[in-house]
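Take a look at the structure set out below.
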Amino acid sequence: MTFDGAKAALFIGARLLVYRRDDRPDLPWPGMWDLPGGGREGDETPEQTLRREVHEEFGLDLPAASIRWRRAFAAAHRPGARVWFFVAALPEQATARVVFGDEGQEWRLMTPEAFLALPDAVPSFAPRLRIWADETGGWCP
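For what it's worth, my numbering labels the leading residue of the sequence shown as 5, then goes sequentially.
See the structure below:
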């Protein structure tokens, strides 16, 4: 299956790792709260795309065993495109290893409920998070 990119609800402990996008007019969703991930490079698999992006954006290694759920969705930014959405989990100690890259304005850890309540979060993530929570029984990865 062809796809454009991969994003993840990445839990560190019980909280999501999120970041505020750069506020530039050439970016989709400028200045909004986003989840880790990004565009596919070359012939990467969805998992390879996600793991590379998490490392570039936050300096974190994402072991394959940390991925708890995955699903392909229609892309919000381009009709006909597909993107992968993952749920992954790292231990609370991973917070100390975060090295914020050069994309975005700031990063935070927040509960899923707090992220869903943000008026300025990328809108496609709320329904995806709810699908995952409904299928798996809650917010615990």
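Idealized CB from N, CA, C, for every residue including glycine.
Remember, it's a predicted structure, so these values are computed and weren't measured experimentally.
Under the assumption that residue i contacts residue j (Cβ atoms under 8 Å), give the Cβ distance between them as a whole number of angstroms.
{"i": "L94", "j": "L14", "result": "7 Å"}
{"i": "A2", "j": "A79", "result": "In the structure as shown, the chain starts at 5 and stops at 145, and residue 2 therefore has no counterpart that could be examined."}
{"i": "I16", "j": "T115", "result": "Contact doesn't hold; Cβ gap of about 12 Å is too wide."}
{"i": "G63", "j": "R101", "result": "7 Å"}
Could you please give me the residues that DSSP links to residue i through a beta bridge?
{"i": "F77", "result": "V87"}
{"i": "F15", "result": "L20 and A93"}
{"i": "L113", "result": "L21"}
{"i": "D38", "result": "Y23"}
{"i": "G43", "result": "G9"}
For residue i, which of the options has the nearest alpha-carbon?
{"i": "G41", "options": "E139, G142 and Y23", "result": "Y23"}
{"i": "G142", "options": "Q109, S128 and W73", "result": "W73"}
{"i": "Q109", "options": "A121, D47, M36 and G84", "result": "M36"}
{"i": "D26", "options": "R19, H81 and G105", "result": "G105"}
{"i": "R49", "options": "L20, W88, H81 and G63", "result": "In the sequence as presented, Arg is not what sits at residue 49; that position holds Thr. Selected option, being the one with the closest Cα: W88."}
{"i": "E117", "options": "F90, F7, R19 and A10", "result": "R19"}
{"i": "P34", "options": "P145, E139, T140 and P127", "result": "P127"}
{"i": "A92", "options": "D47, L21, R82 and E61", "result": "L21"}
{"i": "I71", "options": "Q52, P29 and R82", "result": "Q52"}
{"i": "F129", "options": "V103, H81, C144 and W111", "result": "H81"}
{"i": "R125", "options": "D8, W111 and I135", "result": "The identity of residue 125 in the sequence shown is Ala, whereas the question assumes Arg. For the residues D8, W111 and I135, the minimum Cα distance to A125 belongs to W111."}
{"i": "D65", "options": "V103, P83 and R28", "result": "V103"}
{"i": "D47", "options": "R28, H59 and D8", "result": "D8"}
Please say whether residue j and residue i have beta carbons closer to each other than 8 Å?
{"i": "A69", "j": "L39", "result": "no"}
{"i": "L133", "j": "L120", "result": "yes"}
{"i": "A10", "j": "E57", "result": "yes"}
{"i": "E96", "j": "E61", "result": "no"}
{"i": "F90", "j": "L122", "result": "no"}
Is residue i a contact residue of the ligand SAM, with contact defined as CB to any heavy atom under 7 Å?
{"i": "F129", "result": "In terms of ligand content, the structure shown is empty, and the ligand SAM therefore cannot be addressed."}
Is the CB of residue i under 8 Å away from at least one CB in chain C?
{"i": "G46", "result": "No chain C appears in this structure, which consists of one protein chain only."}
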